[in-house]
Amino acid sequence: MKTKRISDAMEEALNDQMTREAHQAQIYLAYASWAEVQGFPGIAAFLYKHMHEEREHMFKIIKYINGRGGRARIEQIAAPPADPQNISECLHNTLQHEIDNSAEIDAIVNQAHEEKDWATFNFAQWFVREQIEEETLINGLIDRFALATDAEPNNANLYDLDRDVADAPQEVLIPREEEF
Ligand code: FEO
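Going by the working numbering, the sequence shown wraps up at 323, each residue one higher than the last.
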């Protein structure tokens, strides 16, 4: 595109976010592989599926930057974190990564507001909504994990949890979408 419709600063911020989404995908991939090796195919399946979502987020930002006359930079992705110690740590770390990512999205929304870049402000709203969904989704898994494990260590409960997570949805309804 010959005409650039985003600022240089916004182009850089979006490129950084695009690379962060690729990093998020690496984290899910690393944790999925770890869970699979630990003998939790259900949790692994969930994490593998979510890796694809993160790749889609990355792709969405690439298309937006290029479509607005900018240039998406495909750069090195940071290594994923070390393996978690257990499933609880895996889920809590995953939630923290999502919370951190939400803060980065919020910073882009702030920047778009300051620049009066309403196109990017509008684009970023999709990610704001997506982060609400993702935080709720992982928080829900942590709740289910607590239900299965808090009272008494019980392998049967863990087995049920793992089976359920295999079919856990990748999306949740947020309050303004729910019908009462
Ligand atoms: Fe694309 Fe889970 O943040």
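In this text, a Cβ means the ideal position worked out from N, Cα and C, and glycines have one as well. Remember, predicted model here, so these are calculated numbers, not experimental data.
{"query": "Could you pull out every unbroken alpha helix (DSSP H) segment of at least 4 residues lying fully inside the segment 161-248, listed in chain order?", "result": "184-210"}
{"query": "With burial defined as no fewer than 16 other Cβ atoms inside 10 Å of the residue's Cβ, what is the status of Thr162: buried or exposed?", "result": "buried"}
{"query": "I need the residues with a C-beta less than 6 Å from some heavy atom of the ligand FEO; please give them in chain order.", "result": "Glu164, Gln167, Glu197, His200, Glu241, Asn244 and Glu277"}
{"query": "Taking the alpha helix (DSSP H) that Arg319 belongs to, which residues open and close that run?", "result": "Per DSSP, Arg319 belongs to no alpha helix (DSSP H) and is neither H nor E."}
{"query": "Confirm, please, whether the CB-CB distance from Gln160 to Glu247 is below 9 Å.", "result": "yes"}
{"query": "Compare the Cα-Cα distances from Gln239 to each of Asn300, Ile285 and Leu316 and report the closest residue.", "result": "Ile285"}
{"query": "Can you tell me whether DSSP reads Asp310 as helix, strand or coil?", "result": "coil"}
{"query": "Between Ile204 and chain B, is the shortest Cβ-Cβ distance under 9 Å, so that the two count as touching?", "result": "Absent here is chain B; the protein component of the structure consists of one chain."}
{"query": "Just how far apart, CA to CA, sit Ala289 and Leu316?", "result": "22 Å"}
{"query": "So the candidates are Arg211, Trp261 and Phe270; which of them puts its Cα closest to the Cα of Met144?", "result": "Arg211"}
{"query": "Let me check understanding here. Comparing Cα to Cα, which of Thr279, Phe183 and Asn158 lies closest to Ile208?", "result": "Asn158"}
{"query": "May I ask you to report which of helix, strand or coil DSSP gives Met153?", "result": "helix"}
{"query": "So, using beta-carbon positions, are Pro184 and Ala309 closer together than 9 Å?", "result": "yes"}
{"query": "With Arg272 as the anchor, note down where its alpha helix (DSSP H) starts and where it stops.", "result": "Trp261 to Thr292"}
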